[in-house]
Amino acid sequence: MASRQFEVITRCTIFSQIANFCRKVLGKDEGEQSAESPIPARVAGQRRTLSRDQHPISRKEISENALKVLYRLNKGGYEAYLVGGGVRDLLLGKTPKDFDIATDATPEQIKALFSNCRLIGRRFRLAHIVFGRDVIEVATFRGHHHQVNTSKHVSAQSDEGMLLRDNVYGTIEEDAERRDFTVNALYYSAKDFTLHDFEGGLEDLAERKLELIGDPETRYREDPVRMLRAVRFAAKLDMTISPRTAAPIRELAPLLQDIPAARLFEETLKLFLAGDGLATYKLLREYGLFQQLFPQVAALFTPHGNSPYEQFIEQALIDTDTRVREDKRVTPAFLYATLLWGCVEARGRVLENESGLPWYDAFMLAINEVLDNQVRIIAVPRRFTTDVRDIWALQQRLTRRQGKHPERAMEHPKFRAAFDFLLLRNRVERGLGELASWWERYVASNPDVRPQLQREATRRPASGERGEARSHDGEKRSSNSRNRRRPRRRKPKAAE
Ligand code: ATP
Ligand code: MG
Numbered sequence: 322m323a324s325r326q327f328e329v330i331t332r333c334t335i336f337s338q339i340a341n342f343c344r345k346v347l348g349k350d351e352g353e354q355s356a357e358s359p360i361p362a363r364v365a366g367q368r369r370t371l372s373r374d375q376h377p378i379s380r381k382e383i384s385e386n387a388l389k390v391l392y393r394l395n396k397g398g399y400e401a402y403l404v405g406g407g408v409r410d411l412l413l414g415k416t417p418k419d420f421d422i423a424t425d426a427t428p429e430q431i432k433a434l435f436s437n438c439r440l441i442g443r444r445f446r447l448a449h450i451v452f453g454r455d456v457i458e459v460a461t462f463r464g465h466h467h468q469v470n471t472s473k474h475v476s477a478q479s480d481e482g483m484l485l486r487d488n489v490y491g492t493i494e495e496d497a498e499r500r501d502f503t504v505n506a507l508y509y510s511a512k513d514f515t516l517h518d519f520e521g522g523l524e525d526l527a528e529r530k531l532e533l534i535g536d537p538e539t540r541y542r543e544d545p546v547r548m549l550r551a552v553r554f555a556a557k558l559d560m561t562i563s564p565r566t567a568a569p570i571r572e573l574a575p576l577l578q579d580i581p582a583a584r585l586f587e588e589t590l591k592l593f594l595a596g597d598g599l600a601t602y603k604l605l606r607e608y609g610l611f612q613q614l615f616p617q618v619a620a621l622f623t624p625h626g627n628s629p630y631e632q633f634i635e636q637a638l639i640d641t642d643t644r645v646r647e648d649k650r651v652t653p654a655f656l657y658a659t660l661l662w663g664c665v666e667a668r669g670r671v672l673e674n675e676s677g678l679p680w681y682d683a684f685m686l687a688i689n690e691v692l693d694n695q696v697r698i699i700a701v702p703r704r705f706t707t708d709v710r711d712i713w714a715l716q717q718r719l720t721r722r723q724g725k726h727p728e729r730a731m732e733h734p735k736f737r738a739a740f741d742f743l744l745l746r747n748r749v750e751r752g753l754g755e756l757a758s759w760w761e762r763y764v765a766s767n768p769d770v771r772p773q774l775q776r777e778a779t780r781r782p783a784s785g786e787r788g789e790a791r792s793h794d795g796e797k798r799s800s801n802s803r804n805r806r807r808p809r810r811r812k813p814k815a816a817e
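Structural data, given as structure tokens:
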């Protein structure tokens, strides 16, 4: 109890420190007498340095491993700063997800200093200093590309202006200009505890405004993922994207098609599985970015955005956000299964009608088509698409409640996910109530009660078994085609 009180008091102190800091940055506390020295005014194009007593960042809030790396680099004679989300989130009173470091040491020099260092990346070469599961990312100050004429391993740009190699090194000032948003270009030194602002990030942070550094169109063309980052930070940090930063996004959204599918997979995890998935999804839709990532889903969107399928996606994201906040496990497979579910159902129906295939076969064919189309854009690794397939295929199996079907379904490694998926569907789709509540009872009951539940199911078959399952749009499926199953393959009789 005492420790909880202490925690609350500490957080309140941190928040009031931050609120004071923001007021000072914006020059709004002129009347107050303060023992601390005032924050130096910003002069455009110049570095502004804040001493320890002018900002609220304390070393206690920085991870030990990040501090170790900073100290070792300094001791080796290099400049080293905490930068990016680590500084930004501390100034906002949030716990940083990770700590990124920028230095004037080259990747090779960093490697020479740390035995636990791994150099990674070709497009953007980085050093990872590995402490068990904790990885501290160290980047060498980036410079401008036009200044040097170097090999394509160092700098390369596509005809559309996209940076294919970003390994030109430079000064800290250039590094700040090469970062994405002003609030991400704040540098903290563990040597003298100073905070450095080159791009006006402090004012933007205080005003909770996301401002892209430089000309937005050029910066998005250099790296279209910055559009996704704008939306992600706006949702996560509850900030607004400034009008000039937002203006080109809708038009440039198609540039995402040029991003390697593997990179987009990593980005989607940050977009949807970091705790602010719903807010991010809404912004992605608003800016026409979601449509580029999931064109098959977007094709089913409705003008008011409130079809059962769209409600299903929102409900899934609400649940995911809650799980993340409660520190529960979330998996990419469940996320992709929910996002693409409506596409599989819709495509299955088209295939069933056009080809006359039985529903089961049409459904399985639709699964393949939808996943194949999606992985061309976002490279969801096979281990996850296998689980997505299982979750979907089990939706069919869960409608069979006779004989050994339920027990066999429960033995499937993805049963739990498929069962959760069914419950989620039931919150939006019509006609699943009886089946969902039956499974809830079946799962919760003792094995000796289960046969009785199965007998009840025979007397009162669920809509899925009667072939009256309704899809997201509430449309009734024909009972004969829905129930027609692939003929069971008979075992060849042993030679007599
Ligand atoms: P978080 O880690 O909380 O997602 P972050 O801002 O730290 O947010 P990272 O991806 O860890 O994001 O990147 C660290 C820093 O590197 C950023 O703050 C930014 O300064 C810079 N950066 C990352 N990606 C880009 C990019 N595509 N273009 C320009 N700068 C970038
Ligand atoms: Mg980071």
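For the sequence shown, the residue numbers in the numbering used here are 322 to 817. Cβ coordinates follow ideal geometry from the N, Cα and C atoms, glycine included.
With 16 other Cβ atoms within 10 Å as the buried cut-off, status of Glu458 = buried
ask   = Closer than 6 Å: is that where the CB of Asp518 sits relative to any heavy atom of the ligand MG?
value = no
task = Could you check what DSSP says for Val451 in three-state terms: helix, strand or coil?
result = strand
Alpha-carbon to alpha-carbon, Phe655 and Ala700 = 16 Å
message = Let me check you understand the geometry: is the CB of Val546 closer than 6 Å to at least one non-hydrogen atom of the ligand ATP?
response = yes
Three-state secondary structure assigned by DSSP to Glu538 = helix
message = I'd like to confirm something about Asp419: is its beta-carbon nearer than 6 Å to some heavy atom of the ligand GDP, or not?
response = Questions concerning the ligand GDP fall outside what the structure shown contains, since the ligands it does hold are the ligand ATP and the ligand MG.
task = Check whether the stretch 585-592 touches the stretch 634-644, taking contact to mean three or more Cβ pairs, one atom from each stretch, closer than 8 Å.
result = no
message = For a quick check, are the C-beta atoms of Tyr399 and Asp425 less than 7 Å apart?
response = yes
message = Output needed for Leu661: all residues of its chain with C-beta closer than 8 Å, excluding positions within five of it in sequence on either side, in chain order.
response = Phe615, Gln617, Val618, Val691, Leu692, Gln695, Val709
message = Can you tell me whether Tyr630 is helix, strand or coil according to DSSP?
response = helix
message = For a test of the three-state rule: what should DSSP assign to Lys284, helix, strand or coil?
response = Since the first and last residues shown for the chain are 322 and 817, residue 284 lies out of range.
query = Does the beta carbon of Gly453 fall short of 6 Å from some heavy atom of the ligand MG?
reply = no
ask   = Hey, how far is the Cα of Thr370 from the Cα of Ile534?
value = 19 Å
C-beta atoms of Ile698 and Ala658 nearer than 7 Å = no
query = Which of the three DSSP states, helix, strand or coil, is assigned to Lys530?
reply = strand
message = Per DSSP, what are the beta-bridge partners of Thr659 in this structure?
response = DSSP output for Thr659 lists no bridge partner at all.
inquiry  = With a threshold of 7 Å on Cβ separation, who are the neighbours of Thr601 within its own chain once the five nearest residues in sequence on each side are excluded?
reply    = Val552, Arg553, Ala556, Leu592, Phe593
task = Go to Ile493, then tell me how far its alpha helix (DSSP H) extends in each direction, as first and last residue.
result = 493-499
ask   = In this structure, does DSSP put Arg886 in helix, strand or coil?
value = Nothing about residue 886 can be reported from this structure: the residues present for the chain run from 322 to 817 only.
query = Cβ-heavy atom distance between Glu505 and the ligand ATP below 6 Å?
reply = For clarity, residue 505 is Asn in the given sequence; the question names Glu instead. Result yes, Cβ under 6 Å from the ligand ATP.
ask   = Is Gly521 near Tyr490, with beta carbons less than 7 Å apart?
value = no
task = Have a look at the DSSP bridge pairing and note the partners of Val459.
result = Ile422, Ala448
request  = In the DSSP assignment, find the alpha helix (DSSP H) that holds His726 and state where it starts and stops.
outcome  = 726-732
query = Taking buried to mean at least 16 other C-beta atoms within 10 Å of its own C-beta, is Glu796 buried or exposed?
reply = Only weak support is given to the placement of Glu796: the predicted model assigns it a pLDDT of 46, under 50, and the question is left unresolved by the model.
ask   = If we count the other Cβ atoms within 10 Å of its Cβ and call it buried at 16 or more, is Lys725 buried or exposed?
value = exposed
ask   = Does the Cβ-Cβ distance between Val504 and Asn488 come in under 7 Å?
value = no
key: From Gly754, Pro702, Ala765, residue whose alpha carbon lies closest to that of Glu728   = Ala765
ask   = Would the C-beta of Asp501 count as close to the ligand ATP, meaning under 6 Å from any of its heavy atoms?
value = yes
message = Closest to Glu385 by C-alpha separation, out of Met685, Ile450, Ala567, Glu732, would be which residue?
response = Ile450
query = Is there contact between the stretch 514-530 and the stretch 363-383, where contact requires at least three CB pairs shorter than 8 Å?
reply = yes
query = Do the CB positions of Ala423 and Ala460 come within less than 7 Å of each other?
reply = yes
Euclidean distance between Cα positions of Ile688 and Gly669 = 8 Å
task = Return the first residue and the last residue of the beta strand (DSSP E) that Gln478 is part of.
result = 476-478
inquiry  = Only counting the same chain, and skipping five residues up and downstream in sequence, which positions put a Cβ closer than 6 Å to that of Gly397?
reply    = Leu434
ask   = How big is the Cα-Cα spacing for Val770 and Phe736?
value = 20 Å
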